[in-house]
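Chains as they are written, first to last, in our numbering: chain D, 1 to 365; chain A, 1001 to 1365; chain X, 2001 to 2365; chain W, 3001 to 3365.
As structure tokens, then:
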């Protein structure tokens, strides 16, 4: 491969196809030769934890930095559940479909429920949990022991604060913890329609992770357990799951950078506030601004939007002619083939999306 | 923490306490904004695989880049073993002691055997395997299904080519595969006493990993399976174990750099060859050169060497007075308290060990 | 408890609420003080295996006697699947719902498919397997590695020979084995509508079990693997699953008795054949004869049949008045509450159903 | 096989080579056609639980009837341990050696400790547990979460009340539960040297099982959890482990019989008490009386006792001539071949050992 040749096509295929935000790499360079202890007990990781706790308004939270999403899900879910319990998830949930059976490999059933645009609702969850306890044979069945949702979902949709509050109340009424997968959380937080902020997640959930891999880091997900010691011996469980980084600081430095303020960033310029946004916020904002511009252009140019997605993913339904034309000029993501022969394509923006590339994309559309 | 203040003490505590070799960081910078596909199917990872295959003289090998050692061990071992099988390991093996029960969590027994300075020998392995088949009750017992050794071992010792060959023959006589954990392999390969090279490992073993985390990478271990498709569907098993990096290229770029030649390096100057050493070799050489100089100084100054270790770890037995004096000036690693009250300390060199720091250390000793 | 008092109500609640067929107990008495070796290697078990092989026309079959259905399912399924595979089952399958997550506890996903009266069809299975291979992300997903069906199903329905043949062909086209849960197989074999006999199962399936617990034994299920060594080291896997009886003969004697001929039985009297039926056949016939008489009476008396079930279970939909009246006189089984407020009740016959009790029941209806 | 032919040799090979004590079979006959509910919720099982609680002086105990020893061990141990914990056992413990890796298949390490004649001592356990907590790396290691011992042990030896009390105190000092495998408990309880009675086990242990399979039942082990709800949702865990009998009463009736008094038995005649012994006690007494007579004869005739075993197993070391002579006349059990070429043979008595057979055996010796 000749990596000096610029890619021939504009790239809007996904949000984890580049390296890391340049500020992260710069920080890794600056700190590279310092000596620290291992396994996440270093000062960078500690500083990152402090910053995450502050952003979540959760001073007692336990915060752990894991490597990837499937790993975080399997480790957290397997650590919370007791052997007789399973985890409730949407049929389309990442743990239900695209983690190669990691939850089951850990010994637990994924209890799948119907979804609406990737979302569960409180009533469906209530019926599932209450239905278990009402069933005369429930002692022969898997007990719902955790609820898993994603924010944004697999479809890029968002739970409103009202929806999330209802789900949280339903869970806790039954003493079932709630866990939120935030693989693309930066893009949810920055969305204009979003009203669920980090302190809300910390208040309403028992565990969640703040995604790094898809939000500007080389890798890494910050698992937040708002109540201290909610999962006893979680460090050992992380180790047992092969999820403990020897050089824990490499994740810590990345999250320390993501949760530091970025003076002079574009995002901050818009606000009258004297506070600069966190890098994690600025990254989300960049992707959302780009997505909003593209969405507007799509509507204007008469594209069929496959389903509403307010975050950094846009889904359009195209016929073969359109498909060929777009794919000649753009790197997009194939989503699915419809029964009528048309195709759903995904346009995805990210921290790395360049404003001038958005201009060019809009021109092409 | 004030990371601009130089550490007060000389640092010889371990080999995974800094970031990465500067050439790796540089390469991550250069490639940062290029777009690639995910999950290790990118060009950098492919190029790294090609280089690893070449270094191992194993053109058909499957090569996968995982994140850490416990993860690599659990994924490889769990993928090779059938449910009725366990893995043979030294009592002191990493999988036996310091992986929080990851192998058992995957459903398999670690069958521990006595060791000599961290090493198993072919006869002990033979007795274990043959003993299983000779036992009238063996159908009620766990079948040895894999042999796990480390090169270098937990004690920094090395298997000779003759020893490894015998172990390999013993294993294969019984149709039991052989797996080698090479977490610190660079330091073994560079050792003067070593006669086991990468092509030997590829020829004698069924699976091994080339350690990156402790040998100059930010993280990463290259799992090598010399025979193509030795583990069917290994990609899915990696995913299931939470060991699949979305941005696979981050590991790929690191190994591509580690297995590229380093023109003008110190190590190459010593050789008359026109080939420059691979970065992975240069890293090992730096640590071994430093360790050799320190070892000579220790002997000269009358220190008690706890046990012979030819690689990048040195173990000395000291009384409390010596211990206090050394620990005031140096960051070393506590190994164990002896029954006689004295202490075994470990001095560890690495890719990051500076020659002038070795001078200062020798002065202090 | 006063076990000498006859139960006040007629008992049609289930088929595993008595001890064993008297011929089984008699045989356990006769053989009680003989000494045999353990773990199913005794002569009774060997004789039982021979008789089962003969009945299945499968001279090379491996036959193992396990204790119960959940145990048999978990042991067989967990032994056939590789770690990256899951088992396809109907949403209503026993392994999907009423085994407390035993399959997942063994590390495997149950891939649930929609059913029709408890049955899967070949097209649904084909779409699931082909869909997996067609999915661009299938390497991130659980591979279908086995198909599980029940004969009779959870709803008491039966696969026809044509249906089973199609399913078998679909499975084997994709190299996916087929496993049949025969917990109530005696009642399927004896059914007039049934055209799937034991040799058909042995020819079309890769594994199945012949139920004993619900078909006249104290306990016990005969796992049949028509092709020798289809599951290597299955004995050890049985042991590991806690499914190996020390006094294996207790299961062996029961199946030896079930698969021996019963001279002078009622069933044989009907036939012109000079062969007497096997006890397993006679048991099934008794239950089916009773069920047929009850079904005819239900129809005659205008009961609403909830859904057609040709075997030993009958489902009727009743209003509260009917329900109260019946439950005052009979022990039936509550099945489910319908949205319209009515109730589905199950009437179940068995080897133990007495002809005079059927008369009384019909009178009451 | 012709089961009417008396075996040619006297049978002293094992204690699970016949059916069941005749009183058990008789009771199964008497109750055979009664209807009861399933899964151990029937009146026979309830009555058996009451009798076991009374014999253990543990009115709040949860009592469950499982099928076999490996199953009971795997289910109890896997239900008590948390994922980061392992179980301490003697190197020679049944769970360490002869259960085909069932504990590891459930995800947990067996932490093996050296033994003395099959027994652990409190100091060894203390060192293991304290050593874990003292180890600087203990968070990377498996936490001891349960202690497993057998009474009698694999070698037929017994813990004294003093020894068991010390072990119990050591465990509970560290909040580690204690579990006792009583596969041959009847033979321990009846032993003259024994001072550990059922109420002692209930007082000192957190879980134990009273063996049925080797002590006169067709099958079955009574798991006793002295403190109510010590294992939450244990019923579901039993189901998940495939250990739940549909016809639970078959186990219940056996234990109800074993824990009922036997008027007029030989054992009772010796006592001045007006209480008749429980069948479980009488069974133990028969085996111990026989073993005591055989042991005395062995000593008198100059046999070399391999090691002292006070219960129903006797171990003698013989040369090839002796071995051939004995094996021609007797069914004994091969134990092991010694380095000096001689053989250790086991003579085993049981509930089924006939007094006149003991006379004949002594004559032969």
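C-beta: ideal position from N, C-alpha, C; glycine also.
Distance check for residue j and residue i, CA to CA, integer angstroms please.
i                       : j                       : result
residue 1243 of chain A : residue 2010 of chain X : 60 Å
residue 1340 of chain A : residue 251 of chain D  : 41 Å
residue 2077 of chain X : residue 360 of chain D  : 54 Å
residue 1453 of chain A : residue 1024 of chain A : Look at the range of chain A in this structure, 1001 to 1365, and you will see that residue 1453 of chain A is not part of it.
residue 79 of chain D   : residue 246 of chain D  : 21 Å
residue 223 of chain D  : residue 207 of chain D  : 7 Å
residue 35 of chain D   : residue 1342 of chain A : 27 Å
residue 1121 of chain A : residue 1127 of chain A : 10 Å
For residue i, tell me which candidate among the options has the shortest Cα-Cα distance.
i                       : options                        : result
residue 324 of chain D  : D:308, D:83, D:344             : D:344
residue 261 of chain D  : D:18, D:167, D:48              : D:48
residue 1162 of chain A : A:1156, A:1263, A:1197         : A:1197
residue 1158 of chain A : A:1296, A:1170, A:1115, A:1169 : A:1115
residue 1088 of chain A : A:1144, A:1314, A:1296, A:1028 : A:1144
residue 2070 of chain X : X:2051, X:2147, X:2056, X:2094 : X:2094
residue 1142 of chain A : W:3306, W:3175, W:3100         : W:3100
residue 3293 of chain W : W:3065, W:3075, W:3213, W:3358 : W:3358
residue 2288 of chain X : X:2190, X:2239, X:2333         : X:2190
Between residue i and chain D, is the shortest Cβ-Cβ distance under 7 Å, so that the two count as touching?
i                       : result
residue 1050 of chain A : no
residue 1250 of chain A : yes
residue 3132 of chain W : no
residue 2349 of chain X : no
Check whether the Cβ of residue i lies closer than 7 Å to any Cβ atom in chain X.
i                       : result
residue 216 of chain D  : no
residue 142 of chain D  : yes
residue 3018 of chain W : yes
residue 3322 of chain W : no
Can you find a CB in chain A that lies within less than 7 Å of the CB of residue i?
i                       : result
residue 153 of chain D  : no
residue 12 of chain D   : no
residue 2235 of chain X : yes
residue 2064 of chain X : no
For chain W, find out if any of its Cβ atoms is closer than 7 Å to the Cβ of residue i; answer yes or no.
i                       : result
residue 247 of chain D  : no
residue 2092 of chain X : no
residue 369 of chain D  : Beyond the ends of chain D as shown, which are 1 and 365, falls residue 369 of chain D; an answer cannot be given.
residue 2183 of chain X : no
Sort out for me which residues DSSP pairs residue i with in a bridge.
i                       : result
residue 2368 of chain X : Lying outside 2001 to 2365, the shown extent of chain X, residue 2368 of chain X is not represented and no answer is given.
residue 3348 of chain W : W:3313
residue 1111 of chain A : A:1088
residue 305 of chain D  : D:316
residue 41 of chain D   : In DSSP, residue 41 of chain D forms no bridge with anything.
residue 1062 of chain A : A:1225
residue 2143 of chain X : X:2085
residue 1337 of chain A : A:1343
residue 3209 of chain W : W:3181, W:3223
Tell me, please, whether the CB atom of residue i is closer than 7 Å to any CB atom in chain B?
i                       : result
residue 2156 of chain X : Included in the structure are the protein chains D, A, X and W, with no chain B among them.
* Would you check if there are 3 or more beta carbon pairs closer than 8 Å linking the region 1348-1365 of chain A to the region 2346-2360 of chain X? => In short, these stretches do not touch, since the Cβ pair count stays below three.
* **Segment contact, 8 Å Cβ cut-off, at least three pairs: the region 3219-3237 of chain W with the region 3021-3035 of chain W** => With a cut-off of 8 Å, the region 3021-3035 of chain W and the region 3219-3237 of chain W do not count as touching, because too few Cβ pairs lie within range.
* Asked: Does the pairing of the region 2090-2101 of chain X with the region 2109-2127 of chain X give three or more beta-carbon distances under 8 Å?
  -> Touching, yes, given that three or more Cβ pairs across the two stretches are closer than 8 Å.
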